[in-house]
Each structure stands twice: as structure tokens, then as C-alpha cells.
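Everything below concerns the one structure shown next.
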Amino acid sequence: MKKAIEELNRKGILIKNNICEYIKSDETKVVDNKLYYKTVSEGLVLLINNKKKLHMTLDSFGTMLDLSRGAVFKLSYIKELIYKQALMGVNQIWLYIEDVYELDGYPTFGYMRGRYTKDELKAIIEYAEIFEIEIVPSIQVLGHHGQFLRWPNSSPYKDQSQVLIVEEEKTYALIKKMIEWAKSNFKTNKIHVGMDETFGLGFGAFYKKNGYKDPMEIFTNHLNIVNEMALKEGFKEVMIWSDMFFRFLSPIEYYYDSNIVLDDKLVSRIPENVTLVYWDYYNHNDKIVSSMLKNHVDTKRKTVFASGTWVWTRFSYDKYQTDRTAKMHLKETLKTSVKDFILTQWMDDGAYADHKTSLLGVYEISCDLYFGGIANKKVFKEITNDDYNIAINKTKINETIMSQVGLLWDDPLLAIYLNNFTGNSYEEIEQHIVKQNEILKNLSLKKTPFEFLIMKINLLKLETRKTLLESYENKELNEGLIKTYQEIIKLVRKLNAYYQEMWYGRYKTFGLEVVQSRLGTQIIRFEEMIYIVKNYQKGDIIDVLEEKAIKDQYLSLKYNDIAFSVKPF
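Numbered by this note's numbering, the letters in the sequence shown go through residues 3 to 571 in order.
So, in C-alpha cells, the structure goes:
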């Protein structure tokens, strides 16, 4: 505890107290100027909040850092997250690393991805030990290997584009290397081996070689082999995402089907040391969540609930979505025998979010856990050095009908995403302009530059789209559009400058090209809009604007699904 407080002092976080002695205990309280603490993080929560006693029924309250979607966090940023989250009561952090680590003998594994070295991992784990935070490797031993399998020399390991082929010596030699790597670099006896979303398992190269085999049988056989490998290496607890057990039994591969029960025959195929990680970031119906928790607990296998502080498919942390899901998930978890609760922080589709904004979510869930949901603005400021009200304002950009992500990636001429809400009608765009302006009033280039730039760019995209449709209907393109297009280009360049500063400050170089290529495309396409307006002659037809827009369909927010008229990748 003393080392943790000394380290926080070095970081400028001064915890004022009159504690004369720190004593490890099975509860956390202050008695006669002595701090009795269950965990270092729990003791820190008590001290920074100036409390006399804390009670937490969970064994672990943790987060999961997604290091596999492009943004590979620098050592300095991970250390910052460790000490700040420790002050929020976090005592476990999972590092989600699909291929972002070094595997001897596999040169394309993690190639050009910013993979972690042994020295970096050692430094992370040693720093976390100051705060008694357990660092857990979260790898993948079946699905989610698209990055590795993209390379031609990886074809012998491929069943599907994302899924490793099973029942092959080469595959198990690879997985053995993964597990050996985890054991040699981490001090925990836990390993998360993934195995979620293994869609098409057994129906690719495996099927061509072996014919049909029941996917559930393939899956459970593979789990048992991997589990034996992990036990042999010295791991005691093997965690696995639980969705495929449910998906295989569902006629539509649906995870949250409350009619599905994992029967005794299936459960007997799940080793007793395997922990089922029930992941749920979407359900806000407590009956569904309660039913899913019961289904997991009834297996008599240890269960972890993995919810999330929503920062994926968003530019900034989404408080609304987290409040309606994770807060209820925690409440339902505390009603059960489940003692482990994790907040995932996925970075889907290019890691374009300002990850640091997710600290607000971790803090507020921590307040739910320890203080009945009562946040302390002063304490938040002490921990994060961010103003609580400003942090709340940043989340407001997620409270529009249309996603800011969808709007920014949307092509200014095609407008596939915008059309889905407004069709060809310029009148329908007005309500979205009003809402955009309303939120912008509480943002500024000085205090919230990232959110301000995104909202401002998207506001101008909405306004110019409205003007474009209206003037085209009147067969005369408004040349005033050119000036606004030029302004958008300048703002996009400013947004790129912000990304450069943020990225190089927190992450390794790799992955920035994904975001920059998207911003660069916006610049080129707005230059194209200037060309179109300048060269438009009365009576001309712009065929894109002639096509009847399709509304109200489900559209993914993934860039490749909305940015182009064709699927180029």
C-alpha cells in the first residue's frame, strides 16, 4: 500500500490521510488511524474518497483493454490507466491481444501490428503489482485471427477467414506456442483463450478435408485440447467467452436466446476449471440478463460477467448506452453468486475513439459498486485531472438520432448513411441540423476540441447536403457550397492534427494509417464536390442524386459498409 501511495504522489495525486499503519485484512476500513485493506485498489478508493469503511462483495472488478484493433497502447499510457483505474477500485485488467505479441518461429504473427516485447509486458506487470492489479492475458485460440490469416503463408492454419483449422498438428503447435508465451510473460494463473464468434467453424477448409462434423463437437473437443495444454503449462483457470455454446444451439445463431438451456451432456464436456465469460454489452432488459446469468450459474462452472463502458463504434465514451446496460448488468450480477465483473472497452473498426474518455464510465460504475451511484466531481478530477462536467458534455455527441461515426465516414455525394434516415428529402435533414447545433453550443475548440471538430464537420456536412439537394431540385447548384466545402476540408485537416497528437501520445505508430486514410478520403471527396459544383451546368443530371434513396434499413457503422457504393475490400 505504501508503494502505491508513493507512486501516486509521484504522479501528482496527493492522498491526504493520517494513517500510521497499513494492515492487510479481509475487510477495508480505518480504525484508530490504521488502514485495514482487502486489496490495494479498495484501500485507495477508501482513502481518496475519505471514507471510514468500504464493503465490496465482488472478488474482482476489472477492465479489458482492446489492443488488437489498431491502437496498441504505449507502456506509458497503460501505466496511466493502471494507476487511475486502481483509484477507482479496479483490481484486474485483461489485455486483449489477438496477435499483438512476439511468437518465435511465426514471423507474420503480429507483423506490422506493433506487437509487444517481453520487456514491455514485464514492465506492465511489474507496474501493476504496485497496485496489486492482476494482469490477465486475453488471447484467441480459434476465431478472430483474421490479422494472422490474411498472410499467404498462414493458409495451412485457416479454416475460415477468421477461424483457425482444428484437428491439425500445425494448429496445435501454434496454440502451444501462444500458451507458452502467455505463461512465460504473465504471473497470473489465469488465461483467457477467447473462442467467441467462431462463425463457420468446420465448414471451410476443415469440411473439404474431413467432411461434415457437428460444430459443437468440434468446438468442445478443441476446448478440451486447449485446456489440457494450459493446465500442462501451469495455468489453473482457463476462461472462455460463452457465446458459441448458445449460438450452436440456436436456429439463428442467437446468443441471448432465453429458451436455450445448456444440458448436462453439454456441460460435462466443459472442464471444471473452465470459467464461462458471459459477455453482454447490448441487453437492457433485466429479465433477459437475469435469465442468461441463471443459465451460466446453473452449469456449476465459474462465471464472469463481461459488460462494457461503451467506447467502440463511437468517437467518445457513450454514457447513455453504458448507463442503460452496464449499470443494470452490475445490479443483476450482485443478486447472484457471480463474483467477477469486467468492463470491456472494445475499439472496433480502427480504434478511432478517444479511449481516455472511457475513464468516466469506469468511475461511475465504480461509484455504483461502492457508493450507491453517487459520483464525486472533486474525486473524479483528482483521479483523472479532467473536469467532470466537461467529461459529461463530451458524451453528449452520442445523443443524436444519427451516429456521428456514420455521418463522418459518410461519402458527401453518395450519402448512403444519411439517406437511410432522410431519403432524398432535404426537408427531413433540418431536424438533425437543429440537434447538432444544440449539442455544439456546449462544446468548444478550447475545452473539447476532438468532439467539437467532429460535431462541427458533421453539422456542415448536413447543411451542405440539404443545400445540395434543394438547389439540385431547382436545377441550379448553389456556388456558395464551394466555400463551405473548403471550410470542411480545413476542419478535417485540423481533426487529423488532433488524431496525430493523440495517437503518438498514447499509442504505437501502427494503426494510425487506418484513421488517416478515412480522413484523407473525406478531403479528396470534398474536393470532388467542389469540382462537381463548379462544372455543373443547368439541365445536367447528377445520376447519384437521381437515384431513389433507400431508408430505414439496418446499416453497420463499419467504415467499409457505409463509405462506398461498392464493397472494395
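Ideal Cβ placement from N, Cα and C applies to all residues, glycine included.
So, using beta-carbon positions, are residue i and residue j closer together than 8 angstroms?
i: K1; j: E23; result: Not covered by the structure: residue 1. The range shown for the chain is 3 to 571.
i: F188; j: V42; result: no
i: T244; j: L278; result: Sequence check: residue 244 is Ser here, not Thr. In contact: S244 and L278 (Cβ atoms closer than 8 angstroms).
i: N498; j: T450; result: no
i: I181; j: E255; result: no
i: V165; j: N229; result: no
i: K81; j: L361; result: no
i: A175; j: I141; result: no
i: R249; j: Y258; result: no
i: M163; j: T110; result: Met is not the amino acid found at residue 163; the sequence shown has Ser there. Against a cut-off of 8 angstroms, the Cβ pair of T110 and S163 comes out as no contact.
i: L144; j: M197; result: yes
i: Y500; j: V517; result: no
i: L493; j: K458; result: yes
i: L461; j: N439; result: yes
i: V32; j: L48; result: yes
i: I272; j: F208; result: no
Report the residue from the options whose alpha carbon sits nearest the alpha carbon of residue i.
i: M330; options: L483, N285, N421; result: N285
i: G204; options: F382, L470, W183, E169; result: E169
i: V263; options: S293, Y174, L447, F150; result: S293
i: L83; options: E100, W314, G64; result: G64
i: H434; options: L233, K443, F423; result: F423
i: L268; options: G310, I220, S309, I290; result: I220
i: Y129; options: K337, N51, E8; result: E8
i: L442; options: N378, T466, N400; result: N400
i: Y322; options: I367, V299, K337, N297; result: I367
i: V240; options: K540, E503, A88, T190; result: T190
i: I544; options: L416, K160, D370; result: L416
i: L16; options: T200, N52, E29; result: N52
i: V291; options: K333, D325, K463; result: K333
i: N562; options: I491, G352, K448; result: G352
i: L233; options: E44, A125, K178, K18; result: K178
i: K289; options: S260, S270, H298; result: S260
i: G91; options: T173, K463, A6; result: A6
i: Y506; options: K54, V47, Y79; result: Y79
i: I403; options: D28, V546, T173, D554; result: D554
i: E465; options: I490, R117, F452, I564; result: I490
i: D282; options: T324, D320, K383, K540; result: T324
i: M114; options: I137, W153, I135, A88; result: W153
i: H146; options: H194, D121, T200, I135; result: T200
i: K569; options: L470, L547, I418, P253; result: I418
i: A88; options: A393, L46, T222, K383; result: L46
Taking 7 angstroms as the cut-off, is the C-beta of residue i nearer than that to any heavy atom in the ligand NAD?
i: R303; result: This structure simply doesn't include the ligand NAD, nor any ligand for that matter.
Exposed or buried, residue i, counting other C-beta atoms within 10 Å across all chains shown (16 or more means buried)?
i: S70; result: buried
i: P158; result: exposed
i: G213; result: exposed
i: Y556; result: exposed
i: P414; result: buried
i: Q1; result: There is simply no residue 1 to check, as the chain begins at 3 and stops at 571 in what is shown.
i: V436; result: exposed
i: N421; result: buried
i: I119; result: Per the sequence presented here, residue 119 reads as Thr, with Ile not at that position. Looking at its Cβ environment, which holds fewer than 16 other Cβ atoms inside 10 Å, T119 is exposed.
Could you give the first and the last residue of the continuous beta strand (DSSP E) run that contains residue i?
i: V138; result: 136-140
i: M66; result: 62-68
i: M241; result: 239-243
i: K36; result: 36-39
i: T305; result: 305-310
i: I193; result: 192-194
Name the two residues that bound the continuous alpha helix (DSSP H) containing residue i.
i: A551; result: Per DSSP, A551 belongs to no alpha helix (DSSP H) and is neither H nor E.
i: H218; result: The residue you asked about is not His; residue 218 is Met in the sequence shown. Run containing M218: 217-235, per the alpha helix (DSSP H) assignment.
i: F382; result: 379-386
i: K458; result: 451-475
i: G1; result: Here the chain has residues from 3 to 571 only, and residue 1 is not among them.
i: D342; result: Note, D342: premise wrong, no alpha helix (DSSP H); beta strand (DSSP E) at 342-347.
i: G522; result: 514-537
i: W411; result: 406-411
i: K31; result: Taken as a continuous stretch (DSSP letters only), K31 belongs to no alpha helix (DSSP H), being part of the beta strand (DSSP E) at 30-33.
i: E171; result: 171-187
i: Q433; result: 432-442
i: Q87; result: 77-88
i: E8; result: 4-12
With a threshold of 8 angstroms, are at least 3 pairs of Cβ atoms found where one atom belongs to the region 300-317 and the other to the region 342-350?
yes
Under 8 angstroms, with one C-beta from each stretch per pair, do the region 68-75 and the region 504-519 reach the 3-pair mark?
yes
At a cut of 8 angstroms, does the region 369-388 reach the region 401-409 through at least three beta carbon pairs?
no
Hey, is the region 525-532 in contact with the region 77-96, meaning 3+ C-beta pairs nearer than 8 angstroms?
no
Would the region 427-437 and the region 477-488 be scored as touching if the rule is three or more Cβ pairs under 8 angstroms?
no
Touching or not, the region 461-479 and the region 512-521, by the rule of three or more beta carbon pairs under 8 angstroms?
no
Segment contact, 8 angstroms Cβ cut-off, at least three pairs: the region 52-68 with the region 346-354
yes
Cβ contact check for the region 103-112 and the region 53-60: 3 or more pairs under 8 angstroms
no
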